[in-house]
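Here's the structure we're looking at; comments come further down.
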Amino acid sequence: MQTSQDIAAALTRRAALAGVAVMVLTTVHHAIGAVVYRTPWRLHIALLSVPTIAVLLGALAVHRRRAGAPAGRAAFVVLAAALALVPIAWIGVFEGFYNHVLKDALYFLAPRSPMLLRLFPPPTYVMPDNVMFEITGVLQVVPAWIAAAALARRLLGSRTARSSLVVQPNAAVPRGGEIR
78 MQTSQDIAAA
88 LTRRAALAGV
98 AVMVLTTVHH
108 AIGAVVYRTP
118 WRLHIALLSV
128 PTIAVLLGAL
138 AVHRRRAGAP
148 AGRAAFVVLA
158 AALALVPIAW
168 IGVFEGFYNH
178 VLKDALYFLA
188 PRSPMLLRLF
198 PPPTYVMPDN
208 VMFEITGVLQ
218 VVPAWIAAAA
228 LARRLLGSRT
238 ARSSLVVQPN
248 AAVPRGGEIR
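Taking my numbering, the leading residue of the sequence shown gets 78, the next gets one more, and so forth.
Below is the structure:
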């Protein structure tokens, strides 16, 4: 039987590794864009990705080694804040969802819509014309969602009682064998 500490550790690890996946995927996505659109400035994302990955993995390592100690709790706060700000909000919500999912949906559902050009004005935005660039852009949402869900479960799990899911060792089992 997994303890609540085991579940919290697994959720923390899942959130951190999904955050790393977001940063790797966004780096690949921006490298594709730099080549396809001849815009080398897109490679600036590496200046954000590398330190973010280092913070995520470093905070995860400290948290795992010192989980019950103040240093471990502080490392979790750093990890949660870094995850929420960069891979989840900035890359997942803004870059992945707004810049790609919403743009692509509007482009394919209403290609001549004035709203499309208002929300995604050229030359800042390029309308979908490269499959790999758009797929990697949209895919950024997937690990960001996994990171957000795991982080939310971890944060909520530490604040809410789960007594209905826990069976005491010597608890009587009701008729029919159902545990409630």
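The C-beta atom is built at its ideal place from N, Cα and C for all residues, glycine as well.
Taking just the CA atoms, how far does I165 sit from S190? 29 Å
So, with DSSP's three-state summary, where would you put G149? helix
Point to revise | Status (buried if at least 16 other CB within 10 Å, exposed otherwise) for Q82 | key: exposed
Quiz prompt | Coarse secondary structure for T116, derived from DSSP in three states | solution = coil
Problem - Stretch pair the segment 180–188 + the segment 116–130: three plus CB contacts closer than 8 Å - result: no
Worksheet entry | As assigned by DSSP and simplified to three states, the class of D83 | helix
Pairwise C-alpha distance: I109 and W118: 12 Å
- Can you tell me which of the three DSSP states D206 falls into? coil
**Asked** Going straight from the alpha carbon of H121 to that of A187, what length do you get?
**Response** 32 Å
Note to self: Taking 8 Å as the threshold (C-beta atoms), are L94 and T213 in contact?
What the structure shows: no
Exposed unless 16 or more other CB atoms sit within 10 angstroms - verdict on F171
exposed
| V163 - containing alpha helix (DSSP H), residue span | Unbroken run through V163: none, as it is neither H nor E.
(Q) Under 8 Å: do the segment 130–141 and the segment 84–92 share three or more Cβ pairs, one atom per stretch? (A) yes
On a Cα-Cα basis, can you pick out the residue from A225, L232, R230 and F210 that is closest to T116?
F210
Quick one: Cα of R142 to Cα of N176, how far? 38 Å
Going by beta carbon distance, what residues of the same chain come within less than 6 Å of H106, once the five residues before and after it are set aside? T213 and G214
Q) What residue does the alpha helix (DSSP H) around G234 start on, and which one ends it? A) V218 to G234
Reducing DSSP to helix, strand and coil, say where M78 ends up. coil
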